[in-house]
Amino acid sequence: MFPERFNMADYFLYHNLEEGRENKVCLYFEDQKWTYGEVARLSNKAGNALRALGADIEDRVLLVLPDCPEFVWTWFGAARIGSVITMVNPLLPVADYEYYLDYTRARVAIVHESLLKTFAEAAASARYLRSVLVVGDESELPESKNFHWARFSQTINDAPEECSPADTRRDDIAIWLFTSGSTGHPKGAVHLQHDLPFNTEVFAKATMGVSADDLTVSVPKLFFGYATGTNLLFPFAVGGATALFAERSTAEKMFEVIKRYRPTILTTVPTMINSMLNVPGASAEDLSSLRFCYSAGEALPKELYERWMNAFGVSICDGIGSAEMFHIYITNRPGDIKPGSLGRIVEGYEARIVDAEDKEVATGEMGTLRIKGDSAALCYWNAHEKSKETFAGDWCTTGDQFHVDEDGYYWYHGRTDDMLKVSGVYVAPAEIENCLLQHEAVLECAVVGHESEGLVKPKAFVVLREGFERGDKLAEQIKQFVKDHIAIYKYPRWVEFVDFLPKNDRGKIDRKKLKT
1 MFPERFNMAD YFLYHNLEEG RENKVCLYFE DQKWTYGEVA RLSNKAGNAL RALGADIEDR
61 VLLVLPDCPE FVWTWFGAAR IGSVITMVNP LLPVADYEYY LDYTRARVAI VHESLLKTFA
121 EAAASARYLR SVLVVGDESE LPESKNFHWA RFSQTINDAP EECSPADTRR DDIAIWLFTS
181 GSTGHPKGAV HLQHDLPFNT EVFAKATMGV SADDLTVSVP KLFFGYATGT NLLFPFAVGG
241 ATALFAERST AEKMFEVIKR YRPTILTTVP TMINSMLNVP GASAEDLSSL RFCYSAGEAL
301 PKELYERWMN AFGVSICDGI GSAEMFHIYI TNRPGDIKPG SLGRIVEGYE ARIVDAEDKE
361 VATGEMGTLR IKGDSAALCY WNAHEKSKET FAGDWCTTGD QFHVDEDGYY WYHGRTDDML
421 KVSGVYVAPA EIENCLLQHE AVLECAVVGH ESEGLVKPKA FVVLREGFER GDKLAEQIKQ
481 FVKDHIAIYK YPRWVEFVDF LPKNDRGKID RKKLKT
């Protein structure tokens, strides 16, 4: 599909100049906008600046930025010179940045001034770092004997506008995408130059029909591969446009952004779908510009999908992807949605559902999903044994429990590690959660295993809607509701009412914090 000599920056950005889009606006941020020609020139400057600071082909560059134009210039600049892109959340504590600097061995880091104190403390012990570029001109730069601090704006302005691309090949390493770190530290899934373009061809273009007329916005931020794809790479690959905002994604902010930019595609997650639905007067909001929404990260309960459709009438295409495969490989799609399912396989990928002995299970039976496709990562960096477990030949073992129905739609049951064995039978927390969400008092919920007298049983953490009071009576009503709607042995033995559910930086419920 791709030639031997290949650079993903050409595929995603620079081809737009060759196709006559130099003067087309492709990027919006606050009151500013940029054309493809301007983005290309600024990305060239960023690439030249990174080279001058010591980043060369295959050297890691660490992006620690909110969603802002500088993220875009740096991403494409690093890709153009063949450096390996690594990108992490700009809202982490010192210890996490220490880990990422040591793990990536990044030569250059680009950080926002809002995290300057935190990052400077983390970088004090960095052994491989040579330069840090700081986005923002208000804070005084730190000093270090071991590496160089500089302002991004000045460094970029001083760099030449013409940047010769690295002589990369389609199988050169291009980017690391970090796993969510559900157990231990996040691992870097190592991707090649052709991996992200492959998924763009088969998923974004062929399956979802993203086009030059689309303008995208996103709930997740660009450091998360899900949003890197849907809210930057996919629209740029087809000559479309994106709108970015640096602020935290809240339901109110999303309505504001949709009203301001009138996007055609919204990238979101189930927790935000729920939050937007629960804003007072939400149904009066105008979402008519949207063609469809992406949803991923967690399976979208049927109940939430139906509430959204009743409120806004905009279809949600729920799907599943992973850092190991870059992006979505099973999905619902415009005009082909089965609520509650994660849709059908994206053409270009293959899927198997297997048992503990790696034998395919029968249609309708639950097992572990394995996926095959040309966007699979090469390995996890510096994790040989784990790489062998996950990447066996052409197949990637996802660790997700699924069944596929007779019509080819895939149904998610949860992570293998989250499955509960109750009364000798495996139970999927997602099934119990989907039932709980149908109760009138339940706003949000999460189910985990809780051990009592040597046995593991389901425990539900529940956030209540306004107007409902916590108490044993309501807890018993909720338990009975589950008994009345699914198999009785699956009901939560404990219901704990909480003010909120902890979320990780991808918007998923952080079950580790509920188990402790």
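For the sequence shown, this note's numbering assigns the number 516 to the last residue and increments by one with no breaks. Beta carbons are placed, not taken as given, at the ideal position from N, Cα and C, and that holds for glycine. Only a predicted model underlies this, so the values are computations on that prediction, with no experimental measurement involved.
Local Cβ density within 10 Å of Asn-44, reported as buried at 16 or more and exposed below that: As a position in the sequence shown, residue 44 is number 44, starting the count at 1. By the neighbour-count rule (16 or more Cβ atoms within 10 Å), Asn-44 is buried.
Ile-345 burial status per 10 Å Cβ neighbour count (16 or more: buried): Within the sequence shown, the letter at position 345 stands for residue 345. The residue is buried, with at least 16 neighbouring Cβ atoms inside 10 Å.
Same chain, Cβ closer than 6 Å to Arg-352, neighbours up to 5 away in sequence not counted: Here the question's residue 352 lines up with position 352 in the sequence shown. Taken in chain order, the residues that qualify are Glu-360, Arg-370.
Rounded distance between the beta-carbons of Thr-74 and Leu-63, thought under 8 Å: Residue mapping note: residue 63 aligns to position 63 of the sequence shown, counting from 1. Residue mapping note: residue 74 aligns to position 74 of the sequence shown, counting from 1. The pair is a contact, with the Cβ atoms about 6 Å apart (cut-off 8 Å).
Same chain, Cβ closer than 8 Å to Ala-569, neighbours up to 5 away in sequence not counted: Since the first and last residues shown for the chain are 1 and 516, residue 569 lies out of range.
Nearest-angstrom Cβ-Cβ length linking Pro-492 and Lys-459, presumed shorter than 8 Å: Numbered from its first residue, the sequence shown carries residue 492 at position 492. Numbered from its first residue, the sequence shown carries residue 459 at position 459. Yes, Pro-492 and Lys-459 are in contact; Cβ-Cβ is about 6 Å, under 8 Å.
Exposure label - Gln-193; buried when at least 16 CB within 10 Å: The sequence position of residue 193 within the sequence shown is 193, counting from 1. Classification for Gln-193: buried.
Distance between beta carbons of Arg-105 and Arg-60, contact taken as under 8 Å: As a position in the sequence shown, residue 60 is number 60, starting the count at 1. As a position in the sequence shown, residue 105 is number 105, starting the count at 1. Contact flag correct, Cβ pair sits at about 6 Å.
Runs of alpha helix (DSSP H) lying entirely within the region 235-323, each at least 4 residues, in chain order: 251-261, 270-277, 302-312
Proximity winner among Cys-26, Arg-415, Asp-484, relative to Asp-213 (alpha-carbon distances): Working through the sequence shown from its first residue, we reach residue 213 at position 213. If we check each option's Cα against that of Asp-213, Cys-26 comes out closest.
Buried/exposed call for Gln-438, threshold 16 Cβ in 10 Å: Residue 438 sits at position 438 when you count from the first residue of the sequence shown. Residue environment: Gln-438 is assigned as exposed (fewer than 16 neighbouring CB atoms within 10 Å of its CB, all protein chains considered).
Cβ neighbours of Glu-252 in the same chain (closer than 8 Å, five flanking residues each side left out): Walking along the sequence shown from the start, residue 252 turns up at place 252. Same-chain partners within the cutoff: Val-279.
Trp-34 - partner residues in DSSP beta bridges: Within the sequence shown, the letter at position 34 stands for residue 34. Beta-bridge pairing links Trp-34 to Leu-27.
Inter-stretch contact at 8 Å, needing at least 3 Cβ pairs: the region 4-21 / the region 128-135: no
Beta-carbon gap between Ala-430 and Ala-299 smaller than 8 Å: The residue you call residue 430 lines up with position 430 of the sequence shown. The residue you call residue 299 lines up with position 299 of the sequence shown. Yes, the pair counts as a contact, with Cβ atoms nearer than the cut-off.
Whole-angstrom C-beta distance between Val-39 and Val-72, which should lie under 8 Å: Numbered from its first residue, the sequence shown carries residue 72 at position 72. Numbered from its first residue, the sequence shown carries residue 39 at position 39. About 6 Å separates the two Cβ atoms, so the contact holds.
Within 8 Å, strictly: CB atoms of Ser-249 and Val-219: Against the sequence shown, residue 249 aligns to sequence position 249. Against the sequence shown, residue 219 aligns to sequence position 219. Cβ atoms of Ser-249 and Val-219: closer than 8 Å.
Gly-373 beta carbon less than 8 Å from that of Gly-348: As a working mapping, residue 348 is identified with position 348 in the sequence shown. As a working mapping, residue 373 is identified with position 373 in the sequence shown. Against a cut-off of 8 Å, the Cβ pair of Gly-373 and Gly-348 comes out as a contact.
Stretch-stretch touch, CB-based, cutoff 8 Å, three pairs: the region 197-217 with the region 238-249: yes
As assigned by DSSP and simplified to three states, the class of Gln-438: Reading the sequence shown from its first residue, position 438 is the one you call residue 438. Of the three classes helix, strand and coil, the one that applies to Gln-438 here is coil, per DSSP.
Helix, strand or coil at Thr-516 according to DSSP, with G and I counted as helix: On the sequence shown, residue 516 is found 516 positions in, with the first residue counted as 1. Because Thr-516 carries a pLDDT of 49, less than 50, the predicted location of this residue cannot be relied on, and the following value inherits that uncertainty. Of the three classes helix, strand and coil, the one that applies to Thr-516 here is coil, per DSSP.
DSSP state of Leu-222 mapped onto helix, strand, coil: Counted from its first residue, the sequence shown places residue 222 at position 222. In this structure, Leu-222 counts as coil in the three-state DSSP scheme.
Backbone CA spacing between Thr-516 and Phe-312 [nearest angstrom]: The count along the sequence shown starts at 1 and reaches residue 516 at position 516. The count along the sequence shown starts at 1 and reaches residue 312 at position 312. In this prediction, Thr-516 has a pLDDT of 49, which is less than 50 and means its spatial position is unreliable; nothing more can be read from the coordinates.
Whole-angstrom distance between Ile-488 and Glu-466, CA atom to CA atom: Within the sequence shown, residue 466 is the residue found at index 466, counting from 1. Within the sequence shown, residue 488 is the residue found at index 488, counting from 1. Their backbone Cα atoms lie some 28 Å apart in a straight line.
Alpha-carbon to alpha-carbon, Asp-102 and Thr-168: As a working note, residue 168 is residue 168 in the sequence shown. As a working note, residue 102 is residue 102 in the sequence shown. In a straight line, the C-alpha of Thr-168 is about 26 Å away from that of Asp-102.
Where Met-1 falls: helix, strand or coil (DSSP): On the sequence shown, position 1 is the one that residue 1 refers to. Met-1: coil per DSSP, three-state reduction.
Cβ-Cβ distance between Tyr-294 and Ser-341 below 8 Å: As a first step, residue 294 is located in the sequence shown; it is residue number 294 there, counting from the start. As a first step, residue 341 is located in the sequence shown; it is residue number 341 there, counting from the start. No, these two residues do not count as a Cβ contact at 8 Å.
Contact under 8 Å by Cβ, Ser-83 with Ala-120: On the sequence shown, position 83 is the one that residue 83 refers to. On the sequence shown, position 120 is the one that residue 120 refers to. Against a cut-off of 8 Å, the Cβ pair of Ala-120 and Ser-83 comes out as no contact.
Beta strand (DSSP E) segments (min. 3 residues) lying fully within the region 18-103: 25-29, 32-35, 60-64, 84-87
Beta-carbon proximity list for Glu-303, same chain, < 8 Å, skipping 5 on both sides: The residue labelled residue 303 in the question sits at position 303 within the sequence shown. Excluding sequence neighbours, Glu-303 sits near Asn-434, Leu-437, Gln-438.
Residues of its chain near Asn-199, where Cβ-Cβ distance is below 6 Å and the 5 sequence neighbours each way are ignored: Mapped onto the sequence shown, residue 199 falls at position 199. Excluding residues within five positions, the ones whose Cβ falls inside 6 Å are Phe-326, His-327, Ser-375.
Cutoff 6 Å; reference Thr-271; Cβ partners in own chain excluding five residues on either side: As a working note, residue 271 is residue 271 in the sequence shown. Answer for Thr-271: Gly-507, listed in chain order.
Host alpha helix (DSSP H) of Lys-473 (start-end): Here residue 473 corresponds to residue number 473 of the sequence shown, with the count starting at 1. Segment 472-485, the alpha helix (DSSP H) holding Lys-473.
Nearest-angstrom Cα separation, counted from Ala-123 out to Ser-114: Here residue 114 refers to the residue found at position 114 of the sequence shown. Here residue 123 refers to the residue found at position 123 of the sequence shown. If I take the Cα positions, the gap works out to 15 Å.
Unbroken beta strand (DSSP E) run spanning Ser-131, endpoints: By 1-based counting over the sequence shown, the position of residue 131 is 131. Counting along the chain, the beta strand (DSSP E) containing Ser-131 begins and ends at 131-135.
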